[in-house]
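These notes are about the structure you will find just below.
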Ligand code: ATP
Ligand code: MG
Ligand code: FE
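In the UniProt record's numbering, the protein residues as written are 6 to 359.
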């Protein structure tokens, strides 16, 4: 079975072909991502109208490139999956309409996919991982702990009460005048910095709830930067190191709480897994904090390769593949949903094991 996946929810135009072979193995045949980052660079953030237009211009070429790289003619595609939410409405419409048109022309099913479900199922695309597992989604727009019980069966345990962690990295970089995207810039500077020089808060540390908070930390960095201004390179390195250490420690503390609950709820589970998704998972200090937390509770950290942690269409194609196989899909009636929480899935389907 071969599924064409389309992702256009934010500032990446992406297409991918994912196949399930007869022996059950999954393979990514192609995974093409065009980042619009340069189109938005001058504005310091994603401009929805520019994004929508850029998707229109790029998408046909990206889909052709994905088909060609996969060595798959359009006639060999068994289904088309496109992100139908959450995200920017213009981009979602472009992807959904294109996907539906291809599906209708070829007479194959169309699957509207929740972008967050794509992130949530990525560990099953890269690894032979049975349900259930705990997922930490840490991206530019989301910081969530989700219990993945089965396809379409997600329970949100915690979320950020203010900024997403990637957003906090980006805003911190911006206030320190480091280049966008902020995460990699901050990590690079932090490598040479002294994390102990500035004393910064560890938001929500020790609290019972499983939520996150990062805006106070970002503000503390701003105040420290203002006090130390004008900033030398050394000051910036130390501020980055301090911010990253505080963010990692806060995240580790929150995740530890969740792991305690996870091991309590699933004592019998042989292979307990904490999977991470989202661009922030690329950060070595963050990964360290997470694997330390995991080690305390006998939970294995599973971090997919970076290219599959950030926005891509392979995860959308794969979610489409699982839904197709489960018969849990809709035809062309699926409309786009700019706001669409993962635990409020339009096509729920409960299942354990494979
Ligand atoms: P979403 O998927 O929630 O809509 P998004 O598309 O912005 O949001 P991703 O593409 O998954 O998210 O990730 C981008 C985010 O990851 C940015 O905020 C970026 O700064 C952050 N990031 C990337 N690399 C690193 C790194 N090495 N350290 C910290 N953060 C990083
Ligand atoms: Mg993005
Ligand atoms: Fe994403």
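We treat Cβ as the ideally placed atom computed from N, Cα and C, and that holds for glycine.
Model, not experiment: these values are computed from the prediction.
* Cβ of residue 124 versus every heavy atom of the ligand FE: is any distance shorter than 7 Å? -> Taking the chain shown and counting its residues from 1, the one referred to as residue 124 is at position 119. Checking every heavy atom of the ligand FE against the Cβ of residue 124, one is found closer than 7 Å.
* Which residue comes first and which comes last in the alpha helix (DSSP H) that contains residue 35? -> Against the chain shown, residue 35 aligns to sequence position 30. Taken as a continuous stretch (DSSP letters only), residue 35 belongs to no alpha helix (DSSP H), being part of the beta strand (DSSP E) at 31–40.
* Asked: Is the closest heavy atom of the ligand ATP to the C-beta of residue 15 under 7 Å?
  -> What you label residue 15 is simply residue 10 of the chain shown in a count that begins at 1. Within the cutoff, so yes.
* **Start and end residues, alpha helix (DSSP H) containing residue 75** => Residue 75 sits at position 70 when you count from the first residue of the chain shown. Its alpha helix (DSSP H) spans residues 53–75.
* Coil, strand or helix - residue 107 by DSSP -> Taking the chain shown and counting its residues from 1, the one referred to as residue 107 is at position 102. Residue 107 falls in the helix class under three-state DSSP.
* To do: Quick one: give me the first and last residue of the beta strand (DSSP E) that residue 213 is part of.
  => Numbered from its first residue, the chain shown carries residue 213 at position 208. First-last for residue 213: undefined, no H or E at that position.
* So residue 5 is in the alpha helix (DSSP H); what residue range does that whole segment cover? -> No answer is possible for residue 5: it lies beyond the span of the chain, which begins at 6 and ends at 359.
* Asked: Do residue 170 and residue 219 have their C-beta atoms closer together than 8 Å?
  -> In the chain shown, residue 170 corresponds to position 165, counting from 1. In the chain shown, residue 219 corresponds to position 214, counting from 1. For residue 170 and residue 219, yes; Cβs fall inside 8 Å.
* **Identified DSSP bridge partners for residue 22** => On the chain shown, residue 22 is found 17 positions in, with the first residue counted as 1. DSSP lists 9, 35 as partners of residue 22.
* **Nearest-angstrom Cα separation, counted from residue 208 out to residue 359** => Reading the chain shown from its first residue, position 354 is the one you call residue 359. Reading the chain shown from its first residue, position 203 is the one you call residue 208. Note that residue 359 has pLDDT 25, beneath the 50 cutoff, so the model's placement of it is unreliable and the number below is only indicative. Residue 359 and residue 208: Cα-Cα distance of roughly 38 Å.
* **Contact check, residue 261 vs residue 298, beta carbons under 8 Å** => Taking the first residue of the chain shown as 1, we reach residue 261 at position 256. Taking the first residue of the chain shown as 1, we reach residue 298 at position 293. The answer is yes: Cβ separation under 8 Å.
* Expressed to the nearest angstrom, what Euclidean distance is found between the alpha-carbon atoms of residue 284 and residue 108? -> For the purposes of this step, residue 284 is taken as residue 279 along the chain shown, with counting starting at 1. For the purposes of this step, residue 108 is taken as residue 103 along the chain shown, with counting starting at 1. Approximately 30 Å between the Cα atoms of the pair.
* Asked: What residues in its chain sit with their C-beta under 7 Å from that of residue 61, if we drop five residues either side in the sequence?
  -> For the purposes of this step, residue 61 is taken as residue 56 along the chain shown, with counting starting at 1. Answer for residue 61: 99, listed in chain order.
* **Inter-residue spacing [alpha-carbon to alpha-carbon] between residue 318 and residue 52** => As a working mapping, residue 318 is identified with position 313 in the chain shown. As a working mapping, residue 52 is identified with position 47 in the chain shown. Near 21 Å, if we compare the C-alpha coordinates of residue 52 and residue 318.
* Asked: Can residue 186 be considered in contact with the ligand ATP, in the sense that its beta carbon sits closer than 7 Å to one or more heavy atoms?
  -> Locating residue 186 in the chain shown gives position 181, where the first residue counts as 1. At least one heavy atom of the ligand ATP is nearer than 7 Å to the Cβ of residue 186, so yes.
* Asked: Straight-line CA distance for residue 145 to residue 26?
  -> Along the chain shown, read from residue 1 onward, the residue named residue 145 stands at position 140. Along the chain shown, read from residue 1 onward, the residue named residue 26 stands at position 21. The alpha-carbon atoms of residue 145 and residue 26 are separated by roughly 34 Å.
* To do: Kindly give me the distance between the Cβ atoms of residue 360 and residue 212, rounded to whole angstroms, as I take these residues to be in contact under 8 Å.
  => Given a span of 6 to 359 for the chain in the structure shown, any question on residue 360 remains unanswerable.
* Just mark residue 13 as buried or exposed, buried being the case when its beta carbon has 16 or more other beta carbons within 10 Å. => As a working note, residue 13 is residue 8 in the chain shown. That one is buried.
* **Spatial distance of residue 45 from residue 113 (CA atoms)** => The residue you call residue 45 lines up with position 40 of the chain shown. The residue you call residue 113 lines up with position 108 of the chain shown. One C-alpha to the other measures close to 35 Å.
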